[in-house]
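Anchor point for the sequence shown: position 42 equals 41 in numbering that gives the first Met the number 0, and the numbering is continuous, going up by one each time.
All residues carry an ideal CB built from backbone N, CA and C; glycine is no exception.
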Amino acid sequence: MNTQDEIKYQEALKRVKKLKGFYTHSIVYIFINILIFFLNVKNLEQGESYFQFKNFMTAFFWGIGLLAHALSTFLPYFILGKDWEERKIKELMEKEKANKWE
0 MNTQDEIKYQ
10 EALKRVKKLK
20 GFYTHSIVYI
30 FINILIFFLN
40 VKNLEQGESY
50 FQFKNFMTAF
60 FWGIGLLAHA
70 LSTFLPYFIL
80 GKDWEERKIK
90 ELMEKEKANK
100 WE
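Okay, structure coming up:
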């Protein structure tokens, strides 16, 4: 495997790990919040409404963290483009090569 292929492989591996981390985070978020929902419903007092902020605090604040995780995983590719990392790596390698010969 040549150097270029190795670089592409490492980038793909890094991307897959980020995706796997996000999907794992999402699945845990869903399951834990379903569990919290059922526990809160089970513990309601007579006549008490479920629709209170205290019943949604975990989902809300954890959801903010999940949104940040999603943005860090997917947004760079939407804004900068698919091949931005590759172009930037080439640019930095060229600069390094130019500085080496000066």
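For this session: Ignore the nearest five residues each way along the sequence and tell me which others in N32's own chain have a CB closer than 8 Å to its CB.
Result: Locating residue 32 in the sequence shown gives position 33, where the first residue counts as 1. Correct list, in chain order: T57, A58 and W61.
Problem set entry | Cβ contact check for the stretch 34–50 and the stretch 62–74: 3 or more pairs under 8 Å | no
Exercise. How big is the Cα-Cα spacing for D4 and D82?
Worked result: Translated into the one-based positions of the sequence shown, residue 4 becomes position 5. Translated into the one-based positions of the sequence shown, residue 82 becomes position 83. Near 14 Å, if we compare the C-alpha coordinates of D82 and D4.
Exercise. On the three-state DSSP scale, how would you describe Y22?
Worked result: As a working mapping, residue 22 is identified with position 23 in the sequence shown. Three-state result, Y22: helix.
Exercise. Pick from E93, E95, S71 and G46: whose alpha carbon is nearest that of R14?
Worked result: Position 15 of the sequence shown holds residue 14. Cα-wise, what sits closest to R14 is S71.
Exercise. Can you give the Cα-Cα distance for Q9 and G20, rounded to whole angstroms?
Worked result: Along the sequence shown, one-based indexing puts residue 9 at 10. Along the sequence shown, one-based indexing puts residue 20 at 21. If you take the alpha carbons of Q9 and G20, they lie about 16 Å apart.
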